[in-house]
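FYI, the numbering for the sequence shown is 59 to 548, going by the UniProt record's numbering. First up is the structure itself, then whatever we jot down about it.
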Amino acid sequence: CGASPESCNTSHRKHDLPIHGVSETIVGVLGGGQLGQMLCQAASQMAIKVIVLDPMENCPAGALSHCHVVGSYDDSVTVEEFAKRCSVLTVEIEHVNVATLEKLEQQGLDVQPKASTIRIIQDKYLQKVHFARHGIPLPKFMKVNHQFTMSREHYYFLFLKMIVENITMFDRKLWLRQIDDPESAKKAGDLFGYPLMIKSKRLAYDGRGNAVAKTEEEISSAVQSKIFASVNNLELHHNTFLVSSIHANDQATLFAALGGYDHGLYVEQWAPFVKELAVIVARGRDKSILCYPVVETIHRENICHIVKAPANVPLKIRKLATNVAYKAVSSLEGAGVFAVELFLTEDGQILLNEVAPRPHNSGHHTIESCFTSQYEQHLRAILGLQLGDPSMKTQAAIMYNILGEDEVATNLTGLICYRLSCLQGEPGFLLAHQLIGRALGISGATVHWYDKPEMRKQRKMGHITIVGPSMAIVETRLKFMLNEELLNGD
Ligand code: ATP
Ligand code: MG
Ligand code: MG
Numbered sequence: 059c060g061a062s063p064e065s066c067n068t069s070h071r072k073h074d075l076p077i078h079g080v081s082e083t084i085v086g087v088l089g090g091g092q093l094g095q096m097l098c099q100a101a102s103q104m105a106i107k108v109i110v111l112d113p114m115e116n117c118p119a120g121a122l123s124h125c126h127v128v129g130s131y132d133d134s135v136t137v138e139e140f141a142k143r144c145s146v147l148t149v150e151i152e153h154v155n156v157a158t159l160e161k162l163e164q165q166g167l168d169v170q171p172k173a174s175t176i177r178i179i180q181d182k183y184l185q186k187v188h189f190a191r192h193g194i195p196l197p198k199f200m201k202v203n204h205q206f207t208m209s210r211e212h213y214y215f216l217f218l219k220m221i222v223e224n225i226t227m228f229d230r231k232l233w234l235r236q237i238d239d240p241e242s243a244k245k246a247g248d249l250f251g252y253p254l255m256i257k258s259k260r261l262a263y264d265g266r267g268n269a270v271a272k273t274e275e276e277i278s279s280a281v282q283s284k285i286f287a288s289v290n291n292l293e294l295h296h297n298t299f300l301v302s303s304i305h306a307n308d309q310a311t312l313f314a315a316l317g318g319y320d321h322g323l324y325v326e327q328w329a330p331f332v333k334e335l336a337v338i339v340a341r342g343r344d345k346s347i348l349c350y351p352v353v354e355t356i357h358r359e360n361i362c363h364i365v366k367a368p369a370n371v372p373l374k375i376r377k378l379a380t381n382v383a384y385k386a387v388s389s390l391e392g393a394g395v396f397a398v399e400l401f402l403t404e405d406g407q408i409l410l411n412e413v414a415p416r417p418h419n420s421g422h423h424t425i426e427s428c429f430t431s432q433y434e435q436h437l438r439a440i441l442g443l444q445l446g447d448p449s450m451k452t453q454a455a456i457m458y459n460i461l462g463e464d465e466v467a468t469n470l471t472g473l474i475c476y477r478l479s480c481l482q483g484e485p486g487f488l489l490a491h492q493l494i495g496r497a498l499g500i501s502g503a504t505v506h507w508y509d510k511p512e513m514r515k516q517r518k519m520g521h522i523t524i525v526g527p528s529m530a531i532v533e534t535r536l537k538f539m540l541n542e543e544l545l546n547g548d
């Protein structure tokens with residue numbers, strides 16, 4: 059199947075399907091990133107047909123899917139058209155057009171997990187309110203009255219960006235009008251103390267919506283930096299819309315759409331965690347729940363860097379973490395796998411950070427280390443098949459994320475701009491390829507390369523999972539792969 063809606067074979071409709079594999083259902087996935095790619099890999103082993111909707115022609119899942127429709131999962135007409143081709147619709151990213159999913163659900167489409175769940179989760183503040191109501195332990199949180207509006211100049215900048223590729227950062231301060239109420243954030247600071255975590259409610263990923271204010275004086279700059287980050291995310295998620303609008307030359311519509319989202323912020327009390335843990339929870343259509351072993355996630359600059367499975371914590375903590383994760387997922391509607399991110403505090407408390415309604419980075423290791431991978435489990439769950447065994451078949455596993463390295467500053471027609479990306483053959487890619495080369499020589503290591511055409515700093519480009527008979531052995535193998543003996547002399 060080709061990469062555009064036109065070339066996609068429209069005869070694959072639910073009514074004229076031949077029975078294939080374990081289910082004749084066509085699974086539609088909103089999003090075609092690496093999670094979608096690994097979902098397609100699992101689906102292909104089970105002979106389940108998956109079609110994906112993603113705006114990037116060369117998205118990671120595209121080549122492995124039964125059909126890739128090029129289009130925005132945030133555009134209602136595109137999502138509605140896409141939905142006509144599937145019998146069950148799921149997501150690999152939560153930043154989708156949820157109003158359309160709700161409408162489709164009312165018309166009888168099978169959306170898993172339910173649109174109500176995606177609505178709660180895609181707004182972090184709503185998510186926190188929901189879990190607090192269900193008695194889930196959380197860091198304290200509070201709404202802040204910070205909003206921004208986009209100036210006409212910034213709107214023109216977006217057009218410029220479409221014309222000149224590779225410009226991803228400008229000094230936008232000049233171009234944003236802001237409605238500020240720092241007093242409300244300061245009130246939260248008085249109540250919660252410092253450091254204070256400031257978060258974007260929506261469109262956050264890889265920590266890009268977060269800013270830390272260490273003191274009251276830092277609140278203003280932290281808030282500002284996040285308002286700009288929101289604009290960055292906005293561009294990312296509206297790429298397709300921007301392109302079509304340029305063609306339509308419908309500037310007023312574009313401006314209205316960009317301004318129409320709530321990019322407000324909220325504030326969280328700092329969680330003094332000693333470890334970050336995560337639990338993948340699978341929930342069947344019959345509401346039966348199975349939990350994967352608790353893992354430890356190690357973040358670098360807010361991005362998941364390493365996952366250790368199982369987590370090296372006492373049994374009591376593992377039970378507590380599993381119970382919190384179980385309770386959190388029980389409070390949501392629909393089937394699928396969910397990832398529950400948790401903080402372990404010094405005094406042995408477990409606090410929930412956030413939930414993802416889909417397979418997750420913290421569950422990549424399950425492909426090699428568990429009887430049923432999170433991807434296969436997600437398909438089983440949404441299709442109403444029997445859930446598989448989530449337990450580990452190896453003693454220990456470590457997942458290492460290959461993150462983008464490169465950053466190149468360039469100067470274009472005298473404007474201050476930066477190029478934060480590199481292409482195949484440039485230094486960032488070469489470093490990653492060297493790492494992969496070393497991984498191939500490590501016993502128990504499996505390489506996953508997402509084949510993204512462009513590398514950006516801190517972008518997830520691939521991962522390597524190493525399994526082995528003990529955590530000590532797997533750690534040694536990781537060190538060897540990273541050449542750390544040579545660097546540290548140990
Ligand atoms: P992703 O979706 O990629 O996991 P995100 O952008 O949604 O990331 P969060 O999960 O909210 O961001 O936060 C990223 C990281 O920031 C956390 O894993 C944790 O290390 C840190 N963090 C988040 N909230 C707090 C908090 N209240 N106190 C201390 N650290 C925090
Ligand atoms: Mg998140
Ligand atoms: Mg997170």
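The beta carbon of each residue, even a glycine, is placed where N, CA and C say it ideally should be. Since the structure is predicted, the reported quantities are computational estimates derived from the model, not experimental observations.
Close Cβ partners of ASN268 (< 8 Å) along its chain, the five nearest in sequence each way excluded: Same-chain partners within the cutoff: MET255, ILE256, LYS257, SER258, ALA262, LYS284, ASN360.
With a threshold of 8 Å, are at least 3 pairs of Cβ atoms found where one atom belongs to the region 160-176 and the other to the region 402-412? no
Please classify HIS491 as buried or exposed, where buried requires at least 16 other C-beta atoms within 10 Å of its C-beta. exposed
Below 8 Å, how does it come out for the region 368-383 and the region 530-539: are there three or more Cβ pairs, yes or no? Contact check between the region 368-383 and the region 530-539: fewer than three CB pairs, one atom from each, fall below 8 Å, which does not count as touching.
Count the other CB atoms within 10 Å of the CB of ARG191; is the residue buried (16 or more) or exposed (fewer)? Within 10 angstroms of the beta-carbon of ARG191 lie fewer than 16 other beta-carbons, which makes it exposed.
Could you give the DSSP three-state label for GLY86: helix, strand or coil? strand
Around ligand 2, Cβ to any heavy atom closer than 7 Å, ordered along the chain: ALA262, TYR263, GLU412, ALA414
CA-to-CA distance, ILE106 to SER325, given in whole angstroms: Note that residue 325 corresponds to Val in the displayed sequence, not to Ser. So the two alpha carbons sit approximately 42 Å from each other.
My output table needs one value for ILE237: the three-state DSSP class, helix, strand or coil. Here the model assigns ILE237 a pLDDT of 39, short of 50, so the residue's position is not dependable, and the following value carries that caveat. Residue state for ILE237 is assigned as strand, using DSSP reduced to three classes.
Taking the alpha-carbon positions, what's the SER420 to VAL339 distance? 11 Å
Continuous alpha helix (DSSP H) stretch holding LYS374: start and end: 373-388
Output the distance between the C-alpha atoms of ALA157 and VAL135, rounded to the nearest integer angstrom. 12 Å
Whose C-beta lies closer than 7 Å to the C-beta of ALA379 among residues of the same chain, with five residues either side of it excluded? LEU335, VAL337, VAL352, LEU400, ILE408
Are the beta-carbon atoms belonging to THR148 and ILE524 less than 7 Å from one another? No; because the gap between Cβ atoms is not below 7 Å, this pair is not in contact.
Tell me the start and end of each unbroken beta strand (DSSP E) in the region 118-160 that is at least 3 residues and wholly inside, in chain order. 125-128, 146-149
Residue environment, ASP447, which counts as buried when at least 16 other CB atoms sit within 10 Å: With fewer than 16 Cβ atoms within 10 Å of its Cβ, ASP447 is classed as exposed.
My guess is that LEU111 and GLY86 are in contact by the Cβ rule of under 8 Å, so how many angstroms apart are they, rounded? The beta-carbon distance between LEU111 and GLY86, rounded to whole angstroms, is 7 Å. This is short enough to meet the 8 Å contact definition.
Quick one: does the C-beta of GLU150 sit closer than 6 Å to a heavy atom of ligand 3? no
Report yes if the C-beta of ALA329 is less than 6 Å from at least one heavy atom of ligand 1; otherwise report no. yes
Quick check: SER528 and GLN453, are their CB atoms within less than 7 Å of each other? yes
Anticipated Cβ contact below 8 Å, ALA414 with GLU241, distance rounded: Contact doesn't hold; Cβ gap of about 33 Å is too wide.
Grouping DSSP H, G and I as helix and E and B as strand, with all else coil, what is GLU434? helix
Is the shortest distance between the beta-carbon of GLN482 and the beta-carbons of chain B less than 7 Å? Judged by its chain identifiers, the structure shown contains no chain B, having just a single protein chain.
Got a sec: does ligand 1 put a non-hydrogen atom nearer than 6 Å to the Cβ of residue 551? The requested residue 551 is not part of the displayed model; the chain covers only 59 to 548.
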